[in-house]
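>
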Amino acid sequence: MSVETLPSSPGVVEEARGETHRAYLPLYKVIMWDDNVTTMEFVIRILVKLFGKDYSMAEQLMYEVHLQGAALVATMPLEQAEFKVEQVHTAAAMEEFPFTCTIEPV
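When you number the sequence shown by the numbering used here, it's gap-free, plus one each residue, and the end is 138.
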């Protein structure tokens, strides 16, 4: 018997009495928000270093944040999303930028 709920990501696989159960973690969106202070270069750097985007994709997402006010930059399990947002906020604070990200359920 297999249990799957989408959207989700693979979790722990357990075998009990010959049955395989697959647990899935719910996914969350990481959204970046525009402000009037944070530089475009900083946003690109964050997208490349913390979110693993290539430069071209990072530049596209940065322009989406800049022009539309926000952009969905990743979808991942809650614990990972919280960690990424914490990393972004820490990096922004170190450079004295008010840059922010939020997490929303998918």
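The beta carbon of each residue, even a glycine, is placed where N, CA and C say it ideally should be.
(1) Nearest by alpha-carbon distance to threonine 134: which of Glu114, Ala90 and Leu57 is it?
(2) Does the distance from the CB of valine 141 to the CB of valine 75 come in under 9 Å?
(3) With H, G and I counted as helix, E and B as strand and the rest as coil, what does DSSP make of valine 69?
(4) Which residues mark the beginning and the end of the alpha helix (DSSP H) in which glutamate 96 is found?
(5) Hey, glutamine 100 and aspartate 66: beta-carbon distance below 9 Å or not?
(6) Among the residues of its own chain, which have a CB less than 7 Å from the CB of alanine 102, if the five just before and after it don't count?
(7) Compare the C-alpha of methionine 72 against each of Pro137, Phe129 and Glu136 and name the closest.
On the basis of the coordinates in this document:
(1) Glu114
(2) What is shown of the chain runs 33 to 138, which leaves residue 141 out entirely.
(3) coil
(4) 87-100
(5) yes
(6) Ile63, Met64, Trp65 and Asp66
(7) Phe129
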